[in-house]
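Q:
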DNA sequence: GCAAATTTGTTCGTATGTATT
DNA sequence: CAATACATACGAACAAATTTG
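Chains as they are written, first to last, in our numbering: chain A, 305 to 603; chain B, 305 to 603.
#1: Take residue 327 (chain B) and list the residues in its own chain whose beta-carbon comes closer than 7 Å to its own, dropping the five residues that flank it on each side.
#2: Could you check whether the Cβ of residue 334 (chain B) sits closer than 8 Å to any Cβ belonging to chain A?
#3: If you measure between the beta carbons of residue 469 (chain B) and residue 487 (chain B), is that distance less than 8 Å?
#4: For the region 363-387 of chain A, which residues have a beta carbon sitting closer than 9 Å to at least one beta carbon of chain B?
#5: Since I believe residue 573 (chain B) is in contact with residue 458 (chain B) (beta carbons under 8 Å), could you give me their beta-carbon distance rounded to a whole number of angstroms?
#6: Could you tell me which uninterrupted alpha helix (DSSP H) segments, each at least 4 residues in length, are contained entirely in the region 534-566 of chain B, listed from first to last along the chain?
#7: Around the C-beta of residue 504 (chain A), are 16 or more other C-beta atoms found within 10 angstroms, so that it is buried, or is it exposed?
#8: Can you give the Cα-Cα distance for residue 594 (chain A) and residue 369 (chain A), rounded to whole angstroms?
#9: Name the two residues that bound the continuous alpha helix (DSSP H) containing residue 526 (chain B).
#10: Taking three-plus beta-carbon pairs below 8 Å as touching, is the region 518-533 of chain B in contact with the region 550-566 of chain B?
#11: Suppose contacts are defined by Cβ-Cβ distances below 8 Å. Is residue 563 (chain B) in contact with residue 522 (chain B) by that definition?
#12: Given residue 407 (chain A), which residues of its chain have a CB within under 7 Å of its CB, disregarding the five upstream and five downstream residues?
#13: With burial defined as no fewer than 16 other Cβ atoms inside 10 Å of the residue's Cβ, what is the status of residue 341 (chain A): buried or exposed?
#14: Quick check: residue 474 (chain A) and residue 439 (chain A), are their CB atoms within less than 8 Å of each other?
#15: For a contact defined as C-beta to C-beta under 7 Å, what are the partners of residue 401 (chain B) on chain A?
#16: If we count the other Cβ atoms within 10 Å of its Cβ and call it buried at 16 or more, is residue 507 (chain A) buried or exposed?
#17: Tell me which same chain residues have a C-beta within less than 7 Å of the C-beta of residue 612 (chain B), skipping the five on either side of it?
#18: So, with DSSP's three-state summary, where would you put residue 455 (chain A)?
#19: What residues in the region 521-533 of chain A bring their beta carbon closer than 7 Å to a beta carbon of chain B?
#20: Applying a beta-carbon distance threshold of less than 8 Å, which residues of chain A neighbour residue 547 (chain B)?
#21: Which residue from B:464, B:545 and B:485 puts its Cα closest to that of residue 443 (chain B)?
#22: Within 8 Å of any Cβ in chain B, is that where the Cβ of residue 412 (chain A) sits?
#23: With 8 Å as the threshold, decide whether the Cβ of residue 584 (chain B) is near any Cβ in chain A.
#24: Got a sec: does the ligand COA put a non-hydrogen atom nearer than 7 Å to the Cβ of residue 402 (chain B)?
#25: Based on the DSSP secondary-structure assignment, which residues constitute the bridge partners of residue 470 (chain A)?
#26: I need the boundaries of the alpha helix (DSSP H) containing residue 588 (chain A), first residue and last residue.
#27: Beta carbon of residue 352 (chain B), beta carbon of residue 314 (chain B): below 8 Å?
#28: Can you list the alpha helix (DSSP H) stretches of 4 or more residues lying completely in the region 337-373 of chain B, in chain order?
#29: Mind pulling the chain A residues with CB within less than 9 Å of residue 593 (chain B)?
#30: Return the residue from the list B:437, B:500, B:308 and B:492 that minimises the CA-CA distance to residue 479 (chain B).
#31: To the nearest angstrom, report how far apart residue 413 (chain B) and residue 461 (chain A) are at their CA atoms.
#32: So for residue 441 (chain B), helix, strand or coil by DSSP?
#33: Along the chain, where does the beta strand (DSSP E) that runs through residue 380 (chain B) open and close?
#34: Give me the Cβ distance between residue 376 (chain B) and residue 581 (chain B), rounded to the nearest whole Å; I'm assuming they're in contact under 8 Å.
#35: One question on the structure: do residue 520 (chain B) and residue 571 (chain B) come within less than 8 Å of each other, judged by their Cβ atoms?
#36: According to DSSP, is residue 253 (chain A) part of a helix, a strand, or is it coil?
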């Protein structure tokens with residue numbers, strides 16, 4: 305009992321929103337109106353709105369008003385290998401194919417839904433949109449740096465050893481999609497993989513290049529997934545709301561090779577960062593019947 | 305340019321914290337002192353602290369003060385199958401073994417670190433602690449319900465069909481760890497799996513039980529991963545901070561079976577919820593040399 | 001066990017700044 | 001340029017949680 309007033313207001317508003325009194329995208333009454341509704345001061349109303357905003361239910365826009373958050377259609381990334389192509393999910397170009405496929409599925413689902421919509425109590429139409437435009441990558445930026453702790457630990461090189469850093473930004477049309485940074489030990493360049501230092505894309509990916517150039521075959525990889533608040537660079541790139549409510553997912557993928565000469569060792573570590581509010585991930589284990597795998601809406 | 309005052313203060317404090325002027329767990333000066341430091345009103349100082357608090361850098365405790373957030377040692381869950389045991393990661397009992405193993409590794413790492421600590425500029429000691437006590441599960445609660453949309457879609461039953469819901473809470477010692485709810489189609493009970501309705505644990509897991517009882521073998525499963533704000537029940541169970549800054553990770557795992565009689569079909573869907581600030585996930589693909597897999601600290 | 005002191009939390013009022021229409 | 005709506009900033013008072021004496 306006896307919640308503070310601003311939370312009572314927030315919860316009443318949450319109830320109203322969830323009851324459908326306001327729909328996603330709707331503008332809410334302005335602060336002055338709420339002041340009268342709830343007989344509270346403007347600051348208290350603002351506290352309530354802030355509480356809802358942090359929880360992602362509403363968004364405020366200076367000069368415009370407060371709006372019920374529009375759900376975002378999540379982009380889904382498969383992190384397990386494709387059993388057919390054997391391709392690693394979630395990285396660079398490999399992910400391009402997936403977003404295209406997902407769009408196609410969505411289009412088909414819409415068709416089906418339209419045909420079935422002869423029924424009356426039709427489920428609410430899914431108005432969420434995937435970002436428009438083609439997926440593409442920025443030109444990579446290259447740096448040679450001293451390995452920070454976490455990179456050194458993963459590449460099994462001494463802290464402070466020189467490593468190559470290749471950084472790319474990915475977009476879907478004009479929507480920022482992901483930030484990706486890969487570290488390679490300098491040793492690969494010394495052994496002849498000089499193209500790692502050139503600021504240009506590898507058409508089939510850097511892993512493929514290393515395989516062809518040096519015979520360094522990726523025999524396996526480990527992906528670590530964690531969730532954290534965005535740093536300033538990330539918040540700006542992804543245009544995340546100022547209030548810091550949207551976390552990012554960080555994928556840390558260490559690739560291993562195994563040669564007779566050197567034995568097994570890690571040869572690259574890739575950090576991929578994505579906003580957590582518009583990305584989901586899928587892992588298939590064993591035999592998942594693709595045709596049944598529900599394209600269920602997310603809870 | 306010209307950031308608002310409260311953000312200038314917040315960023316100055318962030319810089320000081322990151323520079324080590326205050327260490328994790330330290331109490332910061334109180335609001336009145338900050339008021340003098342920055343020549344700002346108490347409310348402005350509070351706005352700055354709130355900004356840091358949402359980003360997880362500090363925590364406020366009424367009557368005590370504001371503290372630099374203590375890093376939490378993440379619990380790591382492997383979502384790919386164990387190549388030896390073939391066991392699904394992240395679920396119920398299977399996860400118990402992992403936390404035990406992780407603790408053991410941590411203990412060993414500490415030993416090693418102590419021996420190497422003869423060096424001078426020793427890396428800061430990792431003071432983060434894993435939760436104490438043994439992992440254990442609550443007695444399951446059972447319900448028979450009409451399938452909500454998302455469950456129905458995943459189990460390929462009509463919306464509103466009856467399903468069995470088994471819910472459990474997992475703890476490590478007295479620390480809440482995860483909430484787990486599994487839905488089974490009613491049909492499994494009709495075919496004889498009546499123990500699904502009994503409020504008791506399956507010592508080897510429900511999947512094993514269904515295999516032995518009905519010959520329903522899980523041939524594969526798909527795990528969907530998403531991040532979202534906690535609902536009220538989750539926030540209370542996990543004792544998440546009131547300010548709503550800690551999101552939860554939701555794992556949705558659909559298990560498939562494939563029989564000659566019925567063909568392939570989904571036979572269960574499990575929703576697992578974990579706080580995102582103290583959990584990380586790992587997926588192994590291909591051949592990852594276990595002895596090399598870095599126990600790196602997280603960025 | 002209680003009372004005082006300390007510290008953050010809530011609520012009001014008011015004025016001015018900034019973004020958008 | 002004017003009107004509207006949210007954002008920032010200050011001041012003040014009291015409430016609630018916690019520690020300390």
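A virtual CB, placed ideally from N, CA and C, is assigned to each residue, including glycine. All values reported here derive from a predicted model rather than from experimental measurement.
A: Straight from the coordinates:
#1: 372
#2: no
#3: yes
#4: 378, 380, 383, 384 and 385
#5: 4 Å
#6: 536-541
#7: exposed
#8: 44 Å
#9: Note, residue 526 (chain B): premise wrong, no alpha helix (DSSP H); beta strand (DSSP E) at 522-532.
#10: yes
#11: no
#12: 434
#13: exposed
#14: yes
#15: Ordered by position in chain A, no residue passes the 7 Å Cβ test against residue 401 (chain B), which lies about 17 Å from the chain.
#16: exposed
#17: Within the shown structure, residues of chain B are numbered from 305 to 603, placing residue 612 (chain B) beyond reach of any answer.
#18: helix
#19: 523, 524, 525, 526, 527, 528, 529, 530, 531 and 533
#20: 358
#21: B:485
#22: no
#23: yes
#24: In terms of ligand content, the structure shown is empty, and the ligand COA therefore cannot be addressed.
#25: A:446 and A:486
#26: Segment 583-590 is the beta strand (DSSP E) holding residue 588 (chain A); no alpha helix (DSSP H) there.
#27: yes
#28: 346-358
#29: 523, 524, 560, 562, 567, 568, 569 and 570
#30: B:437
#31: 18 Å
#32: strand
#33: 379-382
#34: 6 Å
#35: yes
#36: The requested residue 253 (chain A) is not part of the displayed model; chain A covers only 305 to 603.
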